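Below is one structure, written out as structure tokens; comments come after it.
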Amino acid sequence: MNIENFLPVQEEIRQWTYRKKKIERVVIPMMIFVHVDAAERSQVLTLSAISRYMVLHGEHTPAVIPDEQMERFKFMLDYSDEAVEMCAAPLVPGELIRVVKGPLKGLEGELVEVDGKAKVVVRLDLLGCAGVDMPVGFVEKMK
């Protein structure tokens, strides 16, 4: 079975008393993303490690995340120097921004404030958002 899949992980350095180690952290535990057509959809459920698809409340068809949102999420995971954190709470719409400096240069998202810190977030409509701390000087308002 050749099914396109994606497990969102991010490298980070963990420190124990006198030792540091680079590890891969799963950003969204218990979730694997698959890109399948209708025919492949049932094949995925035959795998013993897969229990079900995520569905929206009151619906029966699997939830679909638009390709553009997934690409921005992958970009954030690949290039962020800071830990990407998921927040399930819906966001109050803020300024649409573009990152102009640093490793995430070119990423478009939304600027929000969480616990007094500026964060750049990428909306994943069905999951909430993925956010990363960002110096405000690294972003500009989109026109």
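In the numbering used here, each residue's number is its place in the sequence shown (first place is 1) plus 11. Positions of the beta carbon are idealized from the N, C-alpha and C atoms, including for glycine. Source: prediction; values computed, not measured.
The distance from the Cβ of Ile108 to that of Leu122 is about 5 Å, consistent with a contact at the 8 Å cut-off. Beta-bridge partners of Asn13 (DSSP): none assigned. Counting only residues of its own chain and dropping the five nearest sequence neighbours on each side, Ile39 has a CB closer than 8 Å to the CB of Pro19, Met97 and Leu138. Bridge partners of Pro73 according to DSSP: Val66.
The Cβ-Cβ distance between Glu15 and Val45 falls below 9 Å. With fewer than 16 other Cβ atoms from the protein chains shown falling within 10 Å of its own Cβ, Ser53 counts as exposed.
Exclusion of the five residues before and after Ser91 leaves Gln21, Pro114, Leu115 and Val143 as the residues of its chain whose Cβ lies within less than 8 Å of its Cβ.
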